[in-house]
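Presented below is the structure to which this report refers.
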Amino acid sequence: MYNAPEGFSVALPQGWKRLSEDIRPGNSAYRILFGADGDPRTLTITFSQQLRSSDPVAVWRDDVEPALSQADIGFQRIGVIRAATYRGRSSADMEWLSDFEGTRIRTLGRGFLVGENTGYSLRWTTPAADWNDTANRQALDAFFRTFRE
320 MYNAPEGFSV ALPQGWKRLS EDIRPGNSAY RILFGADGDP RTLTITFSQQ LRSSDPVAVW
380 RDDVEPALSQ ADIGFQRIGV IRAATYRGRS SADMEWLSDF EGTRIRTLGR GFLVGENTGY
440 SLRWTTPAAD WNDTANRQAL DAFFRTFRE
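Just so you know, we're using the working numbering here: the sequence shown kicks off at 320 and counts up by one.
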């Protein structure tokens, strides 16, 4: 189990580590990337106390999706943004395709609220061609099952 100094924990696959971080002053928001050398898959955990909506679908639709669309990454949303419940909390899932270093990648982002205008997202990214591999599905399930804030 990885215990982050920011206060969350999550089980990571063997050999995985914290690869990069972007932390705003006062820890009001951060983005932490996990992965392993030679493994194209990544998990990104984001946190913000500055969400503009208390509706997770609206956060994906109004904040995240426009930023991804404006980036030069070949962004393409897959399906609709789905409202859900995660650990008894209001959440939403968004999936998308994009390009990274010449590879088409697929990401599932699950955003959920933990307080007023405060929330996390867990973003699982793999090469698009490998999305349905059993190992990828098992890793995603483990992240969702073991994440604690």
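Note that CB positions come from ideal geometry on N, CA and C, so glycine has one too.
This structure is a prediction, so every number in the text was calculated from the model and none was measured.
A straight-line Cα-Cα distance of about 12 Å links Gly438 and Tyr405. Taking all protein chains in view, the Cβ of Asp412 is crowded by 16 or more other Cβ atoms within 10 Å, so the residue is classified as buried. Nearest to Gly334 by alpha-carbon distance, out of Met320, Gly326 and Glu325, is Met320. Fully enclosed beta strand (DSSP E) runs of no fewer than 3 residues occupy 336-342, 348-355, 358-367 and 395-405 of the segment 334-407, in order along the chain.
Between the alpha carbons of Ala447 and Arg360 lies a distance of about 10 Å. Distances from the CA of Ala390 to each of Leu352, Phe419 and Arg467 were compared; the closest alpha carbon is that of Phe419.
Nearest in C-alpha terms to Ala402, of all of Arg442, Ser440, Phe394 and Val376, is Val376.
Closest in C-alpha terms to Ser367, from the list Thr445, Val433 and Ser328, comes Val433. When the beta-carbon positions are compared, Ser372 and Asp381 come within less than 8 Å of each other.
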